[in-house]
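A.B. asks: Quick note, the sequences are listed as chains A and B, same order. My numbering puts the first residue of the first sequence at 1, with every later residue one more than the last. My numbering puts the first residue of the second sequence at 1001, with every later residue one more than the last. Every residue, glycine too, gets a C-beta built ideally from N, C-alpha and C.
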Amino acid sequence: MSDAVIDLDGVDKKYRFFQLSDVTLRVVPGQIAGFVGPNGAGKSTTIRILMGMIRADRGSVRVLGRSMPREQAAAKWDIGFVSEDMRLHTSATVGWHMRFIASIYPGWDAAYADTLLRRFNLHAEQPVKVLSHGERVKAALLLVLARRPRLLLLDEPTTGLDPVARHEILGELMEVVTDERRAILFSSHNTQDVEQISDQITFIDRGRIIDSSDKETFLDRWRRLHLEVASGSLPPTFPGVVDTVVSGRTAIATTRAFTAELPAAYQRAGVTVRQIQRLTLEEIFVANVMNNRGPQ
Amino acid sequence: MNRSIVWQVVAKDLFFMRWMIVGAIVAGAGALAVMPQGRVPGYVGAVSLICTLIVLLIFLVMGPIVQERKDKVVLFVLSLPISTTQYTAAKVIANLIAFGVPWLALTIGTFAVVAMSQIPDGVLPFWTAVMGYMFFYYCALLAVGLLSDSAGWHAASIVTGNISVNFLIPFLLARPSLKGNMEGPAAIWSSDILAIVALEFALGIIALGAAFHVRTRKPDFV
Chain A
1 MSDAVIDLDG VDKKYRFFQL SDVTLRVVPG QIAGFVGPNG AGKSTTIRIL
51 MGMIRADRGS VRVLGRSMPR EQAAAKWDIG FVSEDMRLHT SATVGWHMRF
101 IASIYPGWDA AYADTLLRRF NLHAEQPVKV LSHGERVKAA LLLVLARRPR
151 LLLLDEPTTG LDPVARHEIL GELMEVVTDE RRAILFSSHN TQDVEQISDQ
201 ITFIDRGRII DSSDKETFLD RWRRLHLEVA SGSLPPTFPG VVDTVVSGRT
251 AIATTRAFTA ELPAAYQRAG VTVRQIQRLT LEEIFVANVM NNRGPQ
Chain B
1001 MNRSIVWQVV AKDLFFMRWM IVGAIVAGAG ALAVMPQGRV PGYVGAVSLI
1051 CTLIVLLIFL VMGPIVQERK DKVVLFVLSL PISTTQYTAA KVIANLIAFG
1101 VPWLALTIGT FAVVAMSQIP DGVLPFWTAV MGYMFFYYCA LLAVGLLSDS
1151 AGWHAASIVT GNISVNFLIP FLLARPSLKG NMEGPAAIWS SDILAIVALE
1201 FALGIIALGA AFHVRTRKPD FV
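1) If you draw a straight line from the alpha carbon of M1131 (chain B) to that of A1027 (chain B), how long is it in whole angstroms?
2) With a threshold of 16 other CB atoms inside 10 Å of the CB of Q275 (chain A), please say whether the residue is buried or exposed.
3) Name, please, each residue of chain A whose Cβ falls closer than 7 angstroms to the Cβ of S1150 (chain B).
4) Checking 9 angstroms against the spacing of the C-beta atoms, do L225 (chain A) and P263 (chain A) come in under that value?
5) So with Cβ pairs under 9 angstroms, would you call A146 (chain A) a contact of chain B?
6) Flag this pair as yes or no: are the beta carbons of I210 (chain A) and F218 (chain A) separated by less than 9 angstroms?
7) On the DSSP bridge list, what partners appear for K13 (chain A)?
8) For the alpha helix (DSSP H) that contains H167 (chain A), what are its first and last residues?
9) Have a look at the DSSP bridge pairing and note the partners of E1183 (chain B).
10) Do you know whose CA, among B:L1053, B:V1044, B:V1034, B:V1040, lies nearest G1161 (chain B)'s CA?
11) Can you give me the C-alpha to C-alpha distance between D362 (chain A) and S212 (chain A), rounded to a whole angstrom?
12) With 9 angstroms set as the bound, which would you pick, yes or no: does the beta-carbon of R87 (chain A) sit closer than that to a beta-carbon of chain B?
13) Can you pull the chain D residues whose beta carbon is under 9 angstroms from the beta carbon of I1082 (chain B), in chain order?
14) With a Cβ-Cβ cutoff of 9 angstroms, do P29 (chain A) and D7 (chain A) count as a contact?
15) Helix, strand or coil for P127 (chain A), going by three-state DSSP, please let me know.
16) Taking only beta-carbon positions, decide if K952 (chain B) is within less than 9 angstroms of chain A.
17) Counting pairs of beta carbons, one from the stretch 93-103 of chain A and one from the stretch 114-133 of chain A, are three or more of them closer than 8 angstroms?
18) Starting from R274 (chain A), follow the beta strand (DSSP E) in both directions and report where the run begins and ends.
19) Does any residue of chain A have a CB that is nearer than 9 angstroms to the CB of F1223 (chain B)?
20) Ends of the alpha helix (DSSP H) at R206 (chain A)?
21) What did DSSP end up calling D57 (chain A) once you bin it into helix, strand or coil?
22) Which ranges does the alpha helix (DSSP H) cover as unbroken runs of at least 4 residues, wholly within the stretch 196-231 of chain A, from first to last along the chain?
23) Identify every run of the alpha helix (DSSP H) within the stretch 1089-1177 of chain B, keeping only runs that are complete inside it and at least 4 residues long; order them along the chain.
24) DSSP three-state label for A146 (chain A), please.
25) Can you tell me whether A74 (chain A) is helix, strand or coil according to DSSP?
26) Can you pull the chain A neighbours of I1108 (chain B), defined as C-beta to C-beta under 8 angstroms?
27) With DSSP as the reference, label G160 (chain A) as helix, strand or coil.
28) Pick helix, strand or coil for F285 (chain A), following the three-state DSSP scheme.
29) Run through chain B and tell me which residues come within less than 8 angstroms of S103 (chain A), C-beta to C-beta.
30) Got a sec, what are the start and stop residues for the beta strand (DSSP E) V241 (chain A) sits in?
Put into structure tokens, the structure is as follows:
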């Protein structure tokens, strides 16, 4: 029996102009999993498959040990879902939504909800229709956080938010996984947010998972090497080097599989390694996507 | 436990539709009140009653069903512990109640006004068929609202529905059993009128049932 809270295996979903292919994803309790991809990569489709809103054409979808979409009603007791495009009832207030959710979930924590209300600078009597985008997202998050679900599925929750709102939301999310039984799947195309809070990162592009690893491994194995080559010659290519740009006697090689052996191999090949740089997650993401797409 | 959530979603929807329900009953009651005041007020009242029900059914389908999907409020409701089938059932139940209560109240009201006024009882079969048609129109529009996100389909359905009422009334008045009995002191429930009423209800229920069946079997709900 798997202890994973999310267990997607070989999931396909075909649309006329888009296809999700062989998506495999596993998230265990205590993890904040970042799900990163460009617009239209398949993040929202994957998350909606996890919520049972979309039926996969093929593959196995299990969330909190339940098969989706068949057991979605039972699974959703312990799932908190927020997406960037989700809207609350505009003719009701934030307080009405809090009472509505509290009436459904016995585990609703009213004291925590009030704390979040203050922390997010929201007011219970505020009608939803007057909330800004950021306030709306914070209200939606409040509604899921205060019922303390075991799994949070967040589809681009920080998109379009100002830095302060993003900071507030990310802070709350990090607090969630201080309880090791809980987990978060957090999709975004903003790598800064993902880098800040995630411990596991999965890249998706054009409907395919292109890489998945824990954050430290990603940051460790991706490096940029500044090389000095003999004029007019090209540096050798080693396994794991995904891109080499040559300009005169200078070359920049990007590798996805850095080890201490790589600089030594360049030295042996007569290439001087001038500098070795770590990449930011954004640079890793872009290099990964471009490498996956191949020559356009 | 999930069954109770379905009813909580029904109650939530009825809460949001409460003013439409009240408004339709008040407007319909006003229309019924002027009906016995003479020939012209009677005509104005009859048209107002039909218009009230048409406005109500359009608002009920286009708001809580279509607009909820368009505005992505559906994502919030579907985040609750209900299945997509239960969600659809809750929407249909709430909407049927929201239309059914004013529709039934105004149908009973029409019978009561006819019984208590100088309006001849001969009009009752005609009004029963008109109210039956309102039920069918509502069910057909709800079926379109459940199945389609296309504004074009919605507009076409509403225009067709509204125009069809203009054909329905002369069609009914041309029925031999109604033609000579509208001014009569007793309601004549002829077989053709009963068949028309039965057909209206049957078609409405079939349209709605078919739409529910198709909607709940769609692989992609959002």
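C.D. replies: Based on what the coordinates show:
1) Along the second sequence, read from residue 1 onward, the residue named residue 1131 (chain B) stands at position 131. Along the second sequence, read from residue 1 onward, the residue named residue 1027 (chain B) stands at position 27. Near 16 angstroms, if we compare the C-alpha coordinates of A1027 (chain B) and M1131 (chain B).
2) The residue you call residue 275 (chain A) lines up with position 275 of the first sequence. Burial call: exposed.
3) Numbered from its first residue, the second sequence carries residue 1150 (chain B) at position 150. In chain order: nothing, as chain A lies at least about 16 angstroms away.
4) Position 225 of the first sequence, counted from the first residue, corresponds to residue 225 (chain A). Position 263 of the first sequence, counted from the first residue, corresponds to residue 263 (chain A). Yes, Cβ-Cβ distance for L225 (chain A) and P263 (chain A) is below 9 angstroms.
5) Position 146 of the first sequence, counted from the first residue, corresponds to residue 146 (chain A). Answer no: the Cβ-Cβ gap between A146 (chain A) and chain B never drops below 9 angstroms.
6) Locating residue 210 (chain A) in the first sequence gives position 210, where the first residue counts as 1. Locating residue 218 (chain A) in the first sequence gives position 218, where the first residue counts as 1. No, these two residues do not count as a Cβ contact at 9 angstroms.
7) As a working note, residue 13 (chain A) is residue 13 in the first sequence. As computed with DSSP, K13 (chain A) is found in a beta bridge with A:L20.
8) The residue labelled residue 167 (chain A) in the question sits at position 167 within the first sequence. Per DSSP, H167 (chain A) belongs to the alpha helix (DSSP H) from 163-176.
9) Numbered from 1 along the second sequence, position 183 holds the residue referred to as residue 1183 (chain B). According to DSSP, which records beta bridges pairwise, E1183 (chain B) is partnered with nothing at all.
10) Sequence index remark: in the second sequence, residue 1161 (chain B) carries index 161 (1-based). Checking every option, the nearest Cα to that of G1161 (chain B) belongs to B:L1053.
11) The question about residue 362 (chain A) has no answer, for chain A in this structure spans 1 to 296.
12) In the first sequence, counting from the first residue as 1, residue 87 (chain A) sits at position 87. So yes, R87 (chain A) belongs to the interface.
13) This model lacks chain D altogether, as its protein chains are A and B.
14) Position 29 of the first sequence, counting from 1, holds the residue named residue 29 (chain A). Position 7 of the first sequence, counting from 1, holds the residue named residue 7 (chain A). Cβ atoms of P29 (chain A) and D7 (chain A): not closer than 9 angstroms.
15) The residue you call residue 127 (chain A) lines up with position 127 of the first sequence. DSSP places P127 (chain A) in strand when its eight states are reduced to three.
16) Nothing about residue 952 (chain B) can be reported from this structure: the residues present for chain B run from 1001 to 1222 only.
17) With the cut-off at 8 angstroms, the stretch 93-103 of chain A and the stretch 114-133 of chain A touch.
18) Locating residue 274 (chain A) in the first sequence gives position 274, counting from the first residue. Its beta strand (DSSP E) spans residues 272-278.
19) Outside the modelled stretch of chain B, which goes from 1001 to 1222, sits residue 1223 (chain B), for which no answer is possible.
20) In the first sequence, the residue the question calls residue 206 (chain A) occupies position 206. Segment: none, R206 (chain A) is in no alpha helix (DSSP H) and carries neither H nor E.
21) Here residue 57 (chain A) refers to the residue found at position 57 when the first sequence is read from its first residue. In the structure shown, D57 (chain A) sits in coil (DSSP, three-state: anything other than H, G, I, E or B).
22) 215-221
23) Fully enclosed alpha helix (DSSP H) runs of 4 or longer: 1124-1147, 1151-1173.
24) The residue labelled residue 146 (chain A) in the question sits at position 146 within the first sequence. Here A146 (chain A) sits in coil by DSSP.
25) By one-based count along the first sequence, residue 74 (chain A) stands at place 74. Here A74 (chain A) sits in helix by DSSP.
26) Sequence index remark: in the second sequence, residue 1108 (chain B) carries index 108 (1-based). Ordered by position in chain A, no residue passes the 8 angstroms Cβ test against I1108 (chain B), which lies about 30 angstroms from the chain.
27) As a first step, residue 160 (chain A) is located in the first sequence; it is residue number 160 there, counting from the start. G160 (chain A) falls in the coil class under three-state DSSP.
28) By 1-based counting over the first sequence, the position of residue 285 (chain A) is 285. If DSSP states are grouped into helix, strand and coil, F285 (chain A) belongs with the helices.
29) As a working mapping, residue 103 (chain A) is identified with position 103 in the first sequence. Against chain B, a Cβ distance below 8 angstroms from S103 (chain A) picks out Q1008.
30) The residue labelled residue 241 (chain A) in the question sits at position 241 within the first sequence. Where V241 (chain A) is concerned, the enclosing beta strand (DSSP E) stretches over 241-247.
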